[in-house]
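For the sequence shown, the positions run 14 to 365 when this note's numbering is used.
Where is the CB? At the ideal position from N, CA and C, for every residue including glycine.
Only one structure is covered here, and it is reproduced in the block below.
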Amino acid sequence: MTMPPANMRAVVIHRHGGPDVLSYEAVPVPQPGPGEALIRVRATSLNRLDPRARSGPPEPVFPWPEGTFPIISGSDCAGDVIASGPGVDPKLLGQRVVLYPSLFCNACDECRAGEQTRCLTYHIFGEHTPGAMAEYAVAPAANLLTLPESVSYTDAAAMPVAYTTAWRMLVTAGQLTADATILVLGAGGGVGSAALVIGRRLGARVLAGAGSEEKRQLAIQHGADAAVDSGQPFSERVMELTGGRGVDIVVDPLGITWPESIRGLARGGCLAVCGATAGNRPVFDIRELYQRHRRIVGAPMGNWRDFVSVITLLNRGELRPIIDGVYPLAEARQAHVRAESRRSFGKIVLTA
Numbered sequence: 014m015t016m017p018p019a020n021m022r023a024v025v026i027h028r029h030g031g032p033d034v035l036s037y038e039a040v041p042v043p044q045p046g047p048g049e050a051l052i053r054v055r056a057t058s059l060n061r062l063d064p065r066a067r068s069g070p071p072e073p074v075f076p077w078p079e080g081t082f083p084i085i086s087g088s089d090c091a092g093d094v095i096a097s098g099p100g101v102d103p104k105l106l107g108q109r110v111v112l113y114p115s116l117f118c119n120a121c122d123e124c125r126a127g128e129q130t131r132c133l134t135y136h137i138f139g140e141h142t143p144g145a146m147a148e149y150a151v152a153p154a155a156n157l158l159t160l161p162e163s164v165s166y167t168d169a170a171a172m173p174v175a176y177t178t179a180w181r182m183l184v185t186a187g188q189l190t191a192d193a194t195i196l197v198l199g200a201g202g203g204v205g206s207a208a209l210v211i212g213r214r215l216g217a218r219v220l221a222g223a224g225s226e227e228k229r230q231l232a233i234q235h236g237a238d239a240a241v242d243s244g245q246p247f248s249e250r251v252m253e254l255t256g257g258r259g260v261d262i263v264v265d266p267l268g269i270t271w272p273e274s275i276r277g278l279a280r281g282g283c284l285a286v287c288g289a290t291a292g293n294r295p296v297f298d299i300r301e302l303y304q305r306h307r308r309i310v311g312a313p314m315g316n317w318r319d320f321v322s323v324i325t326l327l328n329r330g331e332l333r334p335i336i337d338g339v340y341p342l343a344e345a346r347q348a349h350v351r352a353e354s355r356r357s358f359g360k361i362v363l364t365a
């Protein structure tokens with residue numbers, strides 16, 4: 014096994030701001046502690062967490078401690094295990110792996126019940142700890158799943174945050190069945206494109222919502238059965254497309270669209286929510302919920318079982334992510350610009 018060098022290249026944030034604050038520089042290679050693995054990162058991908066860590070959100074849900082710099086973000090991670098701390102199975106050395114990015118105590122009632130994202134000390138790799146926007150990263154060995162040679166690092170790095178979240182929204186929370194009809198808002202985003210792929214793989218009829226004609230056409234090219242303009246009131250169009258019934262599940266990462274999302278649900282339907290990228294103060298009539306037996310569920314990422322389900326399908330060749338583009342780590346600024354252009358469709362991957 015090749016020993017790691019003393020230093021590595023990483024994308025480092027020393028202050029909040031735009032993409033120009035991202036610095037590609039040399040930093041020390043981290044050292045694994047007990048139960049940890051040192052990963053030679055081969056690929057990572059952008060999520061909403063990365064621009065948020067860079068820009069400093071006005072209302073952070075899981076903030077970095079005040080004044081904590083430098084920051085190395087990157088919650089998605091695929092690579093090779095090259096070293097480990099005490100207590101790690103030596104068979105893991107040399108393995109190709111992908112990381113489950115939730116960090117949890119594994120001791121509280123929620124963790125013991127298998128709901129790691131409800132952990133009382135829940136954190137996210139790459140948002141509260143140094144992440145994978147680097148040539149090397151340290152992570153809990155227990156959070157790793159192995160990858161066969163048939164799976165590329167690029168595909169694997171696109172999966173953890175977005176596809177685990179989408180699986181949680183559709184399958185675990187939404188109780189998706191093969192005869193269901195779903196509406197995926199923000200279909201060009203990471204979670205939205207993941208929900209489109211998963212919905213199609215599991216046999217659902219998929220309606221895609223996007224704010225531009227270009228993205229609506231791309232959604233159809235990627236397998237959506239129809240598309241609606243999510244920048245305009247869309248519930249009536251959803252009802253037309255479903256013969257007046259409505260959809261069984263709405264995947265809504267936008268937030269401000271809740272009123273239309275709720276109106277587009279069938280009786281007993283589920284509004285699955287993972288973000289508020291377009292606004293976090295929706296106003297709606299709660300009678301539209303309880304009078305039609307509709308429900309709202311929150312799904313910030315998914316638990317370990319959700320992650321395993323997604324990676325199992327990836328490893329079998331039954332699930333492939335939609336990837337907008339691949340950039341070398343040194344071009345992180347360009348990748349962030351692309352992500353914030355609102356023109357990307359699918360995941361943006363960086364290779365190290």
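Reduced DSSP category for residue i - H, G, I as helix; E, B as strand; rest coil
i: L51; result: strand
i: H136; result: strand
i: E38; result: strand
i: R65; result: helix
i: T325; result: helix
i: T81; result: coil
i: L332; result: coil
i: D89; result: coil
i: A171; result: coil
i: A348; result: helix
i: D337; result: strand
i: A365; result: coil
Whole-Å CB distance - residue i paired with residue j, under 8 Å assumed
i: V111; j: L158; result: 6 Å
i: A207; j: P64; result: Between P64 and A207 the Cβ distance is about 18 Å, and since that is not below 8 Å, they are no contact.
i: T194; j: A217; result: 7 Å
i: I336; j: R307; result: Contact flag wrong, Cβ pair sits at about 34 Å.
i: Y149; j: I52; result: 7 Å
i: T167; j: T364; result: 7 Å
i: V310; j: V286; result: 7 Å
i: S243; j: G257; result: Wrong, their Cβ atoms sit about 20 Å apart, outside the cutoff.
Neighbourhood of residue i by C-beta distance below 7 Å, restricted to the same chain and skipping five residues each side
i: R318; result: G127
i: G98; result: P45, G46, P47, G48, E49
i: R213; result: V219, G236
i: Q129; result: S115, F117, N316, W317
Range of the contiguous beta strand (DSSP E) that encloses residue i
i: R109; result: 109–112
i: N20; result: 20–26
i: R125; result: Premise fails: R125 lies in the alpha helix (DSSP H), 122–125, not in any beta strand (DSSP E).
i: T130; result: Counting along the chain, T130 falls outside any beta strand (DSSP E), and DSSP gives it neither H nor E.
i: D261; result: 260–265
i: L157; result: 157–159
Range covered by the alpha helix (DSSP H) that runs through residue i
i: S354; result: Where S354 is concerned, there is no enclosing alpha helix (DSSP H), given that its DSSP letter is neither H nor E.
Spatial neighbours of residue i in its chain, beta-carbon cut-off 8 Å, leaving aside the 5 residues before and after
i: R28; result: V34, F82
i: G367; result: Residue 367 cannot be examined here, being either before or after the span of the chain that is shown, 14 to 365.
i: V296; result: P272
i: P73; result: Confidence is the limiting factor: at P73 the pLDDT is only 49, short of 50, which leaves the residue's position unreliable and the question unanswerable from this model.
Cβ shell of residue i (< 6 Å), same chain only, five flanking positions each side left out
i: A352; result: L59, I361
i: R181; result: A312, G315, D319
i: E273; result: P246, F247, S248
i: Q108; result: V94, T159
Minimum Cβ-Cβ distance from residue i to chain D less than 8 Å
i: G212; result: Judged by its chain identifiers, the structure shown contains no chain D, having just a single protein chain.
Legend entry - Unbroken stretches of the beta strand (DSSP E), 3 residues or longer, contained in the stretch 174–254: If only complete runs of 3 or more residues are kept, the stretch 174–254 shows the beta strand (DSSP E) at 194–197, 218–223, 239–242, in order along the chain.
Inset, instruction - Within the stretch 268–313, note down every full beta strand (DSSP E) run reaching 3 residues or more, in order along the chain. - result: Within the stretch 268–313, the complete beta strand (DSSP E) runs of at least 3 residues are 278–286, 308–311.
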